[in-house]
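Visitor:
Number of protein chains: 2
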Amino acid sequence: MEAVSRSAVTLDAVARAAGVSRATASRVFTGSSQVSDEAKRAVERAAAELGYVPNRAARSLAAGRSESVGVVVLDPGWNAFQDPSFPRLLQGIGAELSSHGLQMVMFAPQSGADSIRLEQYLAGGHVDGVLLLRLDDHEVLPERLQSRGIPVVLGGRPRNGLDISFVHVDNHAGAKNATQHLIEQGRRRIAHIGAPQLLDLAADRLQGYREALWNAALRCDLVEHAEQSREGGEMAMARLLTRCEDIDAVFAASDAMAIGAMWVMQALGRRIPDDVAIIGFDDSPLAAATQPPLSSVRQPMEDMGREMARLVLSMTALNTHGTLQKILDPTLTVRESTSRPVPVPL
Amino acid sequence: MEAVSRSAVTLDAVARAAGVSRATASRVFTGSSQVSDEAKRAVERAAAELGYVPNRAARSLAAGRSESVGVVVLDPGWNAFQDPSFPRLLQGIGAELSSHGLQMVMFAPQSGADSIRLEQYLAGGHVDGVLLLRLDDHEVLPERLQSRGIPVVLGGRPRNGLDISFVHVDNHAGAKNATQHLIEQGRRRIAHIGAPQLLDLAADRLQGYREALWNAALRCDLVEHAEQSREGGEMAMARLLTRCEDIDAVFAASDAMAIGAMWVMQALGRRIPDDVAIIGFDDSPLAAATQPPLSSVRQPMEDMGREMARLVLSMTALNTHGTLQKILDPTLTVRESTSRPVPVPL
DNA sequence: CTGAAAGCGCTTACAG
DNA sequence: CTGAAAGCGCTTACAG
């Protein structure tokens, strides 16, 4: 059993066909300017005729870099692949890398064996840097890669004590803005349906909600946490109503939960937004599809992707051992669930 | 600007520390049996102490293979990343590759520039084979890779005239089974909501439906095609009802469309399954969440992934130039939307 | 601008 | 079982 003679045409063959040295041929492919137009043309013609494709493994080895960046999705349940914001994140990463001529390489390890293999792969010269998504607090990969000298950037905030680069969306600010928006609409009995308490985004969003209420001198103990699903939202909404009958607004920490709240309210015959305003979080495709359409906090996922890519690129370029970070603000997408449409005067 | 001295510890260093030659050290990592236990232990100890990680770029270059397989998702809209069956497919691929000690490397090219870079990457010795997902008829990547001698396997049937390996789910059989199931439940006026006609799965599923009706000597012109969404299903259902008031069963080519049909029927006060039975396609998470739960045709996505991996592995091992194919049968997941629950006698 | 040469870190016949 | 040596396909100072 022998390896296929796959990459039949090598740089050497191209150089010979073009009548130049291997060094010169190499220079035209690496974009070095030190080549005469004549030589360049000859090499390019020869390459085209022979169908030359550089062997990137050889190039990585010789040059000490690979012109590619790894994106690792640390998500044992593959949930990321159903998260509507995930493609937007990938798109941002891909666009930024692409504009620098870099290749994006993605990984989704599922088992311990996968992770070990992956670590060796990433540490083994196949990528210039690594972007890490969806890691939980027990994940050791970031530190292990970093200790090997590989530039690493996290999506989300690292756990305490970890000195590592990251890009993070300010959940606190997003929640505060959402709540302020409700207050500005004249709402006064504003409830919050929080994410499961073990997520740190739950604490951040709750905190933002409380701060906005505090600033407006409103009471703020109308909080229930729930599973991030429509059902979770329904149950939380029901519990909230037993605590306060005349809630006039709800800020939910996810669109799915907001929809659950909406269903409960509508089943009770309350009009949205007339009787109760509802705002969600994530601005997922769901939000635009409800009746009435759901206002939501939009996380700048494309921007987050772009920034992650920028950070890792500047780390590889600077060859620094310092860490970088960037915090992005969410925006508000206001739809009819929080604001009565103003009739357009003729 | 110089490359980081990243992979500080090389095979050479390990060999020296272990007091053996580089060749022997290499043999313990490649799993060659030709090594004494003593030497093996010494090398493993040295590697652990020094924190050695093999440089895989070098290994790929020297060995002529990479122990990794590329998975390319050719989906300009990133839609795959929101498709509930997509993670199952990846899981199948990952599990099979993993069990053979192979690394799975994923790509999602978005632009022409991405595709060119990707082709060079894949052809450049970084992967041993390629799995292609979601390609449309104009895609040239499969042929281009194959012509470079790289083992390629498609998920889905290749367009006519393309001699290439593939794994494919038999849509025709799935549709036929679903329709037969409805007939066995005593239904006689069975409508079909088809996928958009430009998809070839639409034709396959329609054909399966027709065949089942034909075999049972039933009429079969109750067909409407629609967008693959709940709204599409609603509109198609409404159109069908204008053509035949007393439809007693619906076979929809996707779960989302089936749900649309369900909503329309329920809004009209018809009981499911008593008055009308409904079955979908894909057995997505949606199906289990409806009221009543939706019967559906389940595509064996994990199996498809596993088979794709198996095929590409056997192609790399056999080093053959022939092509392989495998066709898988869907199964039926029967829930309450098509069969009245039989009360359990005490 | 160009070429000869060394070297990137590994694997693998080949000869013991 | 082991080692010396050649070689994988490229890049890049170095010296013209």
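If you read the protein sequences in the order shown, they are chains A and B. Each residue of the first sequence is one higher than the one before, counting from 1 in the working numbering. Each residue of the second sequence is one higher than the one before, counting from 1001 in the working numbering. Glycine included, each C-beta is placed from N, C-alpha and C at the ideal position.
(1) Work out the CA separation of residue 230/A and residue 259/A for me, nearest whole Å.
(2) Measure the CB-CB distance between residue 1070/B and residue 1131/B and report whether it falls below 8 Å.
(3) Express the C-alpha separation of residue 1261/B and residue 200/A in angstroms, rounding to a whole number.
(4) For residue 1260/B, decide whether its Cβ has a neighbour in chain A, counting only Cβ atoms nearer than 8 Å.
(5) Determine the burial state of residue 109/A: buried for a count of at least 16 other Cβ atoms within 10 Å of its Cβ, exposed for fewer.
(6) At a Cβ threshold of 8 Å, is residue 78/A touching chain B?
(7) How far does the alpha helix (DSSP H) with residue 1043/B in it extend, from its first residue to its last?
(8) Does DSSP put residue 32/A in a helix, in a strand, or in coil?
(9) Can you look up residue 149/A in the DSSP assignment and give me helix, strand or coil?
(10) Is the beta carbon of residue 1279/B sitting closer than 8 Å to the one on residue 1182/B?
(11) Which of helix, strand or coil does DSSP assign to residue 1064/B?
(12) Can you check whether the C-beta of residue 1086/B is within less than 8 Å of a C-beta belonging to chain A?
(13) Determine whether the Cβ of residue 1165/B lies closer than 8 Å to any Cβ atom of chain A.
(14) When you compare the region 1163-1179 of chain B with the region 1110-1125 of chain B, are there three or more beta-carbon pairs, one atom per stretch, that lie closer than 8 Å?
(15) What residues match up with residue 141/A in a beta bridge as DSSP calls it?
(16) Applying the 10 Å Cβ sphere with the 16-neighbour rule, what's the burial state of residue 138/A?
(17) Using only the alpha-carbon positions, how far apart do residue 124/A and residue 1102/B sit?
(18) Would you mind sorting residue 1228/B into buried or exposed? The rule is 16 or more other CB atoms within 10 Å of its CB.
(19) Would you identify the three-state DSSP class for residue 82/A, choosing helix, strand or coil?
(20) Could you pull out every residue in the same chain whose Cβ sits closer than 7 Å to the Cβ of residue 1091/B, ignoring the five residues on either side in sequence?
(21) When you compare only the Cα positions, how much space is there between residue 1060/B and residue 121/A?
(22) Looking only at its own chain, which residues have a Cβ that is under 8 Å from the Cβ of residue 1062/B, when we skip the five neighbours before and after it?
(23) Quick check on this structure: which residue in 257/A, 300/A, 46/A and 266/A has the alpha carbon closest to the alpha carbon of residue 276/A?
(24) Are there three or more Cβ pairs, one per stretch, closer than 8 Å when the region 1290-1301 of chain B is compared with the region 1231-1248 of chain B?
(25) Name the chain B residues whose beta carbon is nearer than 8 Å to that of residue 111/A?
(26) In this structure, how does DSSP classify residue 1387/B when only helix, strand and coil are distinguished?
(27) When the Cα atoms are used, what is the spatial distance from residue 1272/B to residue 1338/B?
(28) Please confirm if residue 1358/B has its CB atom under 8 Å from at least one CB of chain A.
(29) Is residue 1183/B helix, strand or coil by DSSP?
(30) Quick check: what's the CA-CA separation for residue 1026/B versus residue 1011/B?
(31) With a threshold of 8 Å between beta carbons, is residue 1091/B in contact with chain A?
(32) Which runs of the beta strand (DSSP E) fall wholly inside the region 1274-1327 of chain B and span at least 3 residues, in chain order?
(33) Can you list, in chain order, the residues of the region 1146-1165 of chain B whose Cβ is nearer than 8 Å to any Cβ on chain A?
(34) In the DSSP assignment, the beta strand (DSSP E) including residue 1103/B goes from what residue to what residue?
(35) What residues from chain B crowd round residue 34/A, counting only those whose CB sits closer than 7 Å?
(36) Does residue 1130/B come within less than 8 Å of chain A when only Cβ atoms are used?
Guide: On the basis of the supplied data:
(1) 6 Å
(2) yes
(3) 40 Å
(4) No, residue 1260/B lies away from the interface with chain A (no Cβ there is under 8 Å from its Cβ).
(5) buried
(6) yes
(7) Residues 1037-1050.
(8) coil
(9) coil
(10) Yes, the Cβ-Cβ distance between residue 1279/B and residue 1182/B is below 8 Å.
(11) coil
(12) Yes, residue 1086/B counts as interfacial toward chain A.
(13) Taking Cβ atoms only, chain A never reaches closer than 8 Å to residue 1165/B, which makes this a no.
(14) no
(15) Beta-bridge pairing links residue 141/A to no other residue.
(16) exposed
(17) Each residue's alpha carbon lies about 15 Å from the other.
(18) buried
(19) helix
(20) 1302 and 1305
(21) Going by C-alpha positions, residue 1060/B is about 11 Å away from residue 121/A.
(22) none
(23) 266/A
(24) Segments in contact, no.
(25) 1098
(26) Nothing about residue 1387/B can be reported from this structure: the residues present for chain B run from 1001 to 1346 only.
(27) 8 Å
(28) In the structure as shown, chain B starts at 1001 and stops at 1346, and residue 1358/B therefore has no counterpart that could be examined.
(29) helix
(30) Using only the alpha carbons, I get a separation of about 7 Å.
(31) Interface residue, yes.
(32) Here the runs fully enclosed are 1277-1281 and 1295-1298.
(33) 1148, 1149 and 1150
(34) It spans 1103-1107 - the beta strand (DSSP E) in which residue 1103/B sits, taken as one unbroken run.
(35) Within 7 Å Cβ-Cβ: nothing; residue 34/A doesn't reach chain B, min ~17 Å.
(36) no
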